[in-house]
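2 protein chains.
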Amino acid sequence: MSSVNRQDDRTAAARIRDEAIARFGDVGFQKATVRDIASAAGVSAGLVLHHFGSKEGLREACDAHVAAQYGERRNRAVDSGNTDAFAALSGLREELPHLKYLLRSLREGTPASARLFDEIVRETEALMAHSVEAGVLRPSDNLHDLVVLLVGWQFGGLVLQEHIARAMGAEPFSDELVVRIARASLEVLTHGVFADSGYEDAWKDFEASGEPPPSAERL
Amino acid sequence: MSSVNRQDDRTAAARIRDEAIARFGDVGFQKATVRDIASAAGVSAGLVLHHFGSKEGLREACDAHVAAQYGERRNRAVDSGNTDAFAALSGLREELPHLKYLLRSLREGTPASARLFDEIVRETEALMAHSVEAGVLRPSDNLHDLVVLLVGWQFGGLVLQEHIARAMGAEPFSDELVVRIARASLEVLTHGVFADSGYEDAWKDFEASGEPPPSAERL
DNA sequence: TAGCATACTGAACATGAGTTCAGTCAATCG
DNA sequence: CGATTGACTGAACTCATGTTCAGTATGCTA
């Protein structure tokens, strides 16, 4: 299917890497076999090992390539005045295989994905601190935790996109899904979900005294 | 470590199943080997297949057992007046292996985890509809999507707990982490993060006319 | 042109892991 | 008591898959 045609000017190593990104992203690192990747790239399995040393080495090459691509996108976004890390991420939808690879890495908890997560937390925290000063965001006495939670939710939602899409009756990665998630997100992030601050007040009272009640963990 | 001692009155099949839940939850279905599970349960690999037919059959038994356990907890919570699905879930912290198994299943996208996700969406939607009428929650003209998003975020955060914990400098599954996440969640769910409804208004304007701007996807 | 490095192949190798199976042991049943 | 059933073991089998390797071709350099 995605095999090589005549006018493919990528080197064999680049083809192998790109096919590996696609397979790793689609079925995961373990289930993707060296032989599959090789045949998709139109080469022998031996050549994969010749270029990358081992399957693990191939993964590292994929990590590096995807990370570089993300960094490039982010810098381009910053240059064009859009400093949002997630703008760069959603821009990745143009390169779906890369986005899928990232999400799969996060699922599998690879070191590369941990680095990316932490980097995005840093970038988002800087952006949000700036937005607070600009009056766009509510100030928080707990910005760091807030950012980590939001980034975690955001990525978590992407990682579980399959389930969210199914529950909404939409196709994963479809425009419809993105729009509906954006609408719901906007609602929560603008107004919250509680009618008043009763829960939060109760929580603060408990924090002021002893331990919080277990039922407060619920959302 | 977790091997069998003299006063273990579980049947061999039950020990195998419990050890399988622990291994599948800790390292995933593929990386957990039948031989490992067998030796942890103090039996031979052959016996595992004798009782469960295949490794896949063993997984199904684990799925069924964990789902039953969850259902039981939820019913107990409902009986005691606490109708929150997540109360049952956080109660699962008492059975950490079960919770870990569930999160791992979600990560791996198994059919069983899809059923659980959908079930929790249904339960949460019913609960939230009720809470809206009771005046505890803001009404929404999009409750279903809202619920799916919240459940997705919630589970997503749990699935990526390792990353969130690292970014917060806390231990996964620690009380400290739970408290800090609860505090930040409460803040977002009570007030949102935006200082005003400017973004939401802009979104609605765009929805009323043509297509929404791509930058609106950002959070 | 000779030589050498690099790209590349196909077969072979090694190992890990799911599964099969013949056979033992113990408890239950008629 | 004899027989049947089910629990259980340990070895063997099979297959998938990462890896190695000897060998070929090609293009560059001296």
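Quick mapping for you: the protein sequence lines, in order, are chains A and B. The first sequence runs 1 to 219 under the numbering used here. The second sequence runs 1001 to 1219 under the numbering used here. Don't be surprised by glycine CBs; every beta carbon is placed ideally from N, CA and C.
Query: Are the segment 1130-1140 of chain B and the segment 1095-1106 of chain B touching, with three or more C-beta to C-beta distances below 8 Å?; Result: no
Query: At a Cβ cut of 7 Å, what residues of the segment 191-204 of chain A count as close to chain B, listed as they run along the chain?; Result: H191, G192, V193, F194, A195, S197, Y199, E200 and W203
Query: Assign F24 of chain A to one of three DSSP states: helix, strand, or coil.; Result: helix
Query: Check whether the Cβ atoms of A1165 of chain B and P1172 of chain B lie closer than 8 Å to each other.; Result: yes
Query: Scan the segment 57-77 of chain A for residues whose Cβ lies nearer than 8 Å to a Cβ of chain B and list them as they occur along the chain.; Result: none
Query: I'd like to know if I1181 of chain B contacts chain A, where contact means its C-beta is closer than 8 Å to some C-beta of that chain.; Result: yes
Query: Examine chain A for any beta-carbon lying closer than 8 Å to the beta-carbon of F1206 of chain B, and answer yes or no.; Result: no
Query: Alpha carbon to alpha carbon, how far is G1198 of chain B from L189 of chain A?; Result: 12 Å
Query: Kindly list, in the order they appear in chain B, the residues whose Cβ is closer than 8 Å to that of V136 of chain A.; Result: F1194, A1195 and G1198
Query: Excluding five sequence neighbours on each side, which residues of the same chain lie with their C-beta closer than 7 Å to the C-beta of A13 of chain A?; Result: H51
Query: Rank B:K1031, B:D1145, B:M1128 and B:A1064 by C-alpha distance to the C-alpha of S1113 of chain B and give the top, closest one.; Result: B:A1064
Query: Tell me, please, whether the CB atom of H98 of chain A is closer than 8 Å to any CB atom in chain B?; Result: no
Query: V43 of chain A lies in the alpha helix (DSSP H); which residues open and close that run?; Result: From DSSP, V43 of chain A is part of no alpha helix (DSSP H); its letter is neither H nor E.
Query: Please report whether the beta-carbon of R1166 of chain B lies at a distance below 8 Å from any beta-carbon of chain A.; Result: yes
Query: Could you list the residues in the segment 1108-1129 of chain B with a C-beta less than 7 Å from some C-beta on chain A, going in chain order?; Result: G1109, A1114, F1117, D1118 and V1121
Query: Taking the Cβ atom as the reference point for each residue, do P224 of chain A and G25 of chain A lie within a distance shorter than 8 Å?; Result: Absent from the structure is residue 224 of chain A, since the part of chain A shown begins at 1 and ends at 219.
Query: Can you give the Cα-Cα distance for K1055 of chain B and L49 of chain A, rounded to whole angstroms?; Result: 31 Å
Query: Measuring CA to CA, which of B:A1170, B:Q1154, B:A1195 and B:D1018 is closest to A1061 of chain B?; Result: B:D1018
Query: Strictly under 8 Å for the Cβ-Cβ distance: is L102 of chain A near chain B by that measure?; Result: no
Query: Beta carbon of V159 of chain A, beta carbon of V1148 of chain B: below 8 Å?; Result: no
Query: DSSP three-state label for L1160 of chain B, please.; Result: coil
Query: Tell me, please, which residues DSSP counts as bridged to L979 of chain B.; Result: One cannot answer for residue 979 of chain B here, as it falls past the ends of chain B, which runs 1001 to 1219.
Query: Alpha carbon to alpha carbon, how far is R1010 of chain B from K100 of chain A? Give it in angstroms, no decimals.; Result: 43 Å
Query: With 8 Å as the threshold, decide whether the Cβ of L1047 of chain B is near any Cβ in chain A.; Result: no
Query: Can you have a look at E1125 of chain B and say buried or exposed, based on whether 16 or more other CB atoms are within 10 angstroms of its CB?; Result: buried
Query: Can you give the Cα-Cα distance for I16 of chain A and S44 of chain A, rounded to whole angstroms?; Result: 10 Å
Query: Out of B:F1029, B:G1057 and B:L1150, which has the shortest C-alpha to C-alpha gap to M1128 of chain B?; Result: B:L1150
Query: Does chain A have any CB closer than 8 Å to the CB of S1185 of chain B?; Result: yes
Query: If you measure from the beta carbon of E1162 of chain B to each beta carbon in chain A, is any gap under 8 Å?; Result: yes
Query: Check P111 of chain A in the structure and name its three-state DSSP category.; Result: helix
Query: Apply the 10 Å Cβ neighbour rule to A1208 of chain B and answer buried if 16 or more other Cβ atoms are within range, or exposed otherwise.; Result: exposed
Query: Identify whether Q30 of chain A lies in helix, strand or coil by the three-state DSSP scheme.; Result: coil
Query: Along chain B, in chain order, which residues have C-beta atoms closer than 8 Å to that of F155 of chain A?; Result: G1156, L1160 and H1163
Query: When we look at the beta-carbon of F206 of chain A and count the other beta-carbons within 10 Å, is it buried (16 or more) or exposed?; Result: exposed
Query: In chain order, what residues of the same chain lie with their CB nearer than 8 Å to the CB of D1201 of chain B, ignoring the 5 residues before and after it?; Result: none
Query: Using the C-alpha atoms, what's the distance from K1031 of chain B back to G42 of chain A?; Result: 29 Å
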